[in-house]
Amino acid sequence: MSLISAISMLGIAIAVAVLIIVLSVVNGFERELKDRLLSMTAHASIEAPNRGLPDWHSLSVIANADARVTATAPYVDGQALLIAGEELSGAGLRGIEPQREDRVSGVSGVMTEGTLDSLGPGDYRIILGIELAEALQADVGDRVTVTLAEGRVTPAGLVPRTRRFTVSGIYRVGMYEFDRRLAFVNIEDAQKLFRMNRSVSGLRLAVDDIYQAPVSRPPRGSAAGGGVMASDWTRRHVDFFRSIHRLRSRYRLSSCCWW
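Next up, the structure:
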């Protein structure tokens, strides 16, 4: 009887320990993933599909009127081919205002070389992810040629739009999606490169409670007068968190049934 009781108690102790460890790992992984995502992704964003936002200043005023919004920052998004010497790589190109961007994301906190403030308007400087920099074999101070698929018509025919940038910084998030596929430039340089005049691709928002981002998203979209698409960080990376929540719920359900 004593041996059977000891084995039963040991089995219960091991089962409870495994359950606690697994839930702790899942919760820790979710928190770490969330921190890394939010260092590069705004809590919420407003953009116009298939066109830019020429009157983004008014939209920013509307967004800031919401007490839950703490900061806004415009951005320009596009795709480009980056060439450094004999190396080349496709990447996303994001134009930002360094001071305003620092209020809606944590990009400055993941810089390993250089600073976000180095992206001055008209300086044509670029910040690369660490894996993208390694793929291009580029370091701070090197020159990188940015080429767009959209060309310009000349007497000699269609010529791709290109511009040489100087690498002024390198960042590391620890996620391939960003470190390998995203580069930052000043928003005015991006507007000239993509020929957007004073328009932007969208507006990034920071809220006081990240879990309220989905709740506060629809009113801002409708208040803007329609024609814009509002999103938040839970929708942009829904697959990540859906898998984690499903795994955590499965273990919680198993523990309830077991007890």
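One gets the numbering used here by counting positions in the sequence shown from 1 and adding 107 to each.
Glycine is no exception: its CB is placed at the ideal position from the N, C-alpha and C atoms.
What is the C-beta distance between G159 and S338, in whole angstroms, given that I count them as a contact (C-beta under 8 Å)?
Actually they do not touch by this definition, with Cβ atoms about 16 Å apart.
Could you name the residues of the same chain whose beta carbon sits closer than 7 Å to that of M218, not counting the 5 residues immediately before and after it, in chain order?
G276, Y278
Measuring CA to CA, which of A172, A180, Q298, A174 is closest to Y231?
Q298
Kindly provide the ranges of any beta strand (DSSP E) runs that are 3 or more residues long and lie completely inside the region 266-313, ordered along the chain.
Here the runs fully enclosed are 289-293.
Rounded C-beta distance between L312 and L166? I'm assuming under 8 Å.
No, L312 and L166 are not in contact; Cβ-Cβ is about 10 Å, not under 8 Å.
Leaving out the 5 sequence neighbours to the left and right, which residues in its chain are closer than 8 Å to D286 when beta-carbon positions are compared?
The answer, listed in chain order, is G236, I237, E238, L239, Y278, R279, V280.
Residues bridged to S338 by DSSP?
S152
Please state whether DSSP places D162 in a helix, a strand or coil.
DSSP places D162 in coil when its eight states are reduced to three.
Taking the CB atoms as reference points, tell me whether R288 and G199 lie closer together than 7 Å.
yes
Per DSSP, which one or two residues make a beta bridge with D184?
In the DSSP output, where bridge partners are listed per residue, D184 has R201.
When you compare each of A191, V214, M108 to T254 by their alpha carbons, which one comes out closest?
A191
First and last residue of the beta strand (DSSP E) that includes L235?
Start and end: 232-236.
Could you compute how far the alpha carbon of D184 sits from the alpha carbon of W340?
17 Å
Give the secondary structure of V168 by DSSP, where H, G and I count as helix, E and B as strand, and everything else as coil.
helix
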